[in-house]
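Right, one structure below, let's go through it.
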Amino acid sequence: MKRRKFISLVLAGLMLFAKPVFAETESTEYDMYERIMNYAANLYIDENADPDAMMEEALRNVMKDNPELMNRLIKAGFQSLDEYTEFYTKEEYELFNKNLNHIVYGIGVIIQQVGDYVTVMKIVEGGGAEAAGMQEGDKIIRVDGTDVKGQSVEKVQDLVVGDLGTDVTVTILRDGKEIDYSITRSEVNGTTVGSVILDGNIGYIEITNFAVKTADEFADAIAEFDSAGVENIILDLRDNPGGYLDAAVLIAGVLVPKGDIVKTVYRNSYENEVYSSKQENAHYKLAVLVNENTASAAEVLASAIQDSGVGILIGDKTYGKGVIQQMYEIWDGCAFKITTGKYYTRNGKDINGNGIEPDEYIDNETRRIDITRYSVFDYKTKPAAGETSPNVVAAKERLRLLGYYSGEINDKFDEGMYSAVYRFQAENELYPYGVLDISTQVKMENMFYKLEEIVDRQLEYAYTYFGGNADSLYGEER
2 MKRRKFISLV
12 LAGLMLFAKP
22 VFAETESTEY
32 DMYERIMNYA
42 ANLYIDENAD
52 PDAMMEEALR
62 NVMKDNPELM
72 NRLIKAGFQS
82 LDEYTEFYTK
92 EEYELFNKNL
102 NHIVYGIGVI
112 IQQVGDYVTV
122 MKIVEGGGAE
132 AAGMQEGDKI
142 IRVDGTDVKG
152 QSVEKVQDLV
162 VGDLGTDVTV
172 TILRDGKEID
182 YSITRSEVNG
192 TTVGSVILDG
202 NIGYIEITNF
212 AVKTADEFAD
222 AIAEFDSAGV
232 ENIILDLRDN
242 PGGYLDAAVL
252 IAGVLVPKGD
262 IVKTVYRNSY
272 ENEVYSSKQE
282 NAHYKLAVLV
292 NENTASAAEV
302 LASAIQDSGV
312 GILIGDKTYG
322 KGVIQQMYEI
332 WDGCAFKITT
342 GKYYTRNGKD
352 INGNGIEPDE
362 YIDNETRRID
372 ITRYSVFDYK
382 TKPAAGETSP
392 NVVAAKERLR
402 LLGYYSGEIN
412 DKFDEGMYSA
422 VYRFQAENEL
432 YPYGVLDIST
442 QVKMENMFYK
452 LEEIVDRQLE
462 YAYTYFGGNA
472 DSLYGEER
């Protein structure tokens, strides 16, 4: 007994003695784990014990018992390479593609929160809702039997959107009656290119990102400009995060004269490629709007325009993403995006981490709203639903800017106005009953007075660069 007791005390002493070996140095959890495995392997009776094998076996067992940790571990591994490399679960990859290409499988409506109901504000032409007979103003009260009264737009959208070709039952409230619509979900495409011809026959094109159909959408806009004889174009690439390189190259091929557009360089030199324009001459004069969020494929297009001399860049220095990612689909619908190359501009510049300097640095401004452009309250009458009043015009103007109302500006206290007033009161510590009383008018005016608006000096500069009158950009409300 004494001998056993002595041995036990010796072992206890060794264990106590060993503690400071790990406490003396500050370490991360992984460093500590690695040191413990090495320490254990050196002490183990079998001198062939391998700390790396111990760690691998431990990892297998932990993931086997906790399979949800596998995705976290893979994500962490990819993220260790650079900020652009990323692993996607099946659901994340599907969402990534939908966001990139502005694709949603839904019923073809634009919805907005109005009071307690998510309400249909617009029916998309060619969508399932139009075919079923839904109308603007319909209040959505149930989706597949789930009560959505009082729910957010995001919640309703999540229930309405689903897999392509599947059916969804949407119950709406119209004139006090409930109507059920069974609608087959179809592809609803958002556009990535917006265009308009401004006064002075100056074209304006905004590209939000570079998706599969962006080059085709751009071609449609250019065709319209050509028909109108437009030669001066403002190209807005602000807040464009990039997208497909091919789309940017196709658009650059329309805008810049013969020569390189971009050169791509990969780990394996045989993959390197030079993309070029075949245009003999430039057909348009360009003013390109850029900012700190103009990145990747958007920078490819912007740099090609600047380097070729067919246009100037206006705004702020761009983001500076000069690397290329490729997407690889793997098991069970998962995928990963990994940096495989980098690119150089038409003139051979490496913009990664540097960005592109604009030709003209122009900052936008923030200022208080000019309240003299809007109608005023008389603070005497208290209009209610069904009435008409100049105060309703003033309230609708303010509620629209405050984000409560999106309908027509007129003097009619309609249902949309009632819902907006009710929600404004409920969210701003007023008694919610939908009447535009004096307290509500005062509160609304105080909030309206504090609002600020952005003055787009960058767009103004581009417009005047082509001889346009900046005041005409803002219409009569300026």
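Numbering (our numbering), first residue to last: 2 to 479.
Using N, Cα and C, we set each Cβ at its ideal position, and we do this for glycine too.
> What residues are listed by DSSP as bridge partners for Q136?
Replying inline: Answer by DSSP bridge pairing: none, since Q136 is not bridged.
- prompt: Residues bridged to D148 by DSSP?
  reply: R143
What is the rounded straight-line gap between the Cα of A50 and the Cα of M38? If I take the Cα positions, the gap works out to 10 Å.
Would you identify the three-state DSSP class for T170, choosing helix, strand or coil? DSSP places T170 in strand when its eight states are reduced to three.
Check your understanding: The beta strand (DSSP E) spanning R369 covers which residue range?
Key -> E366 to R369
> Under a Cβ-count criterion, where at least 16 other Cβ atoms within 10 Å of its own Cβ denotes burial, should K397 be classed as buried or exposed?
Replying inline: buried
Output the distance between the C-alpha atoms of K259 and R458, rounded to the nearest integer angstrom.
32 Å
Practice prompt. Just the C-alpha distance for D217 and E281, rounded to the nearest angstrom, thanks.
Written response: 21 Å
Query raised in the report: E87 lies in the beta strand (DSSP E); which residues open and close that run?
Result: Following the DSSP letters along the chain, one finds E87 inside the beta strand (DSSP E) bounded by residues E87 to Y89.
- [ ] State the Cα-Cα distance for the pair Y329 and M33, rounded to the nearest angstrom.
- [x] Taking the straight line joining both Cα atoms gives about 35 Å.
According to DSSP, is S187 part of a helix, a strand, or is it coil? strand
### Message
Which of the three DSSP states is assigned to L314 in this structure?
### Response
strand
**Study point:** Nearest-angstrom Cα separation, counted from G310 out to S187
**Key:** Whole-angstrom Cα-Cα distance: 44 Å.
Notebook entry, point to check: What are the boundary residues of the alpha helix (DSSP H) that S228 is part of?
Noted result: T215 to S228
Practice item. Please state whether DSSP places R73 in a helix, a strand or coil. Key: helix
Closest by C-alpha distance to Y419, when choosing among Y434, N429 and E428: Y434
Beta-carbon separation (whole angstroms), T480 vs V324, contact threshold 8 Å
Only positions 2 to 479 of the chain appear in the structure, and residue 480 is not among them; the question remains open.
Of the choices I206, T170 and E272, whose alpha-carbon is the least far from that of L236? I206
Review point. Candidates R175, G128, D181 and N233: which alpha carbon is nearest L199's?
Key: N233
Output the distance between the C-alpha atoms of V291 and A130, rounded to the nearest integer angstrom.
-> 38 Å
### Query
Taking just the CA atoms, how far does I363 sit from Y375?
29 Å
| request: Could you check which residue in Y380, E293 and I262 has the C-alpha nearest to that of K279? | output: I262
Pull up the distance between the alpha-carbon of G134 and that of K140, whole angstroms please.
14 Å
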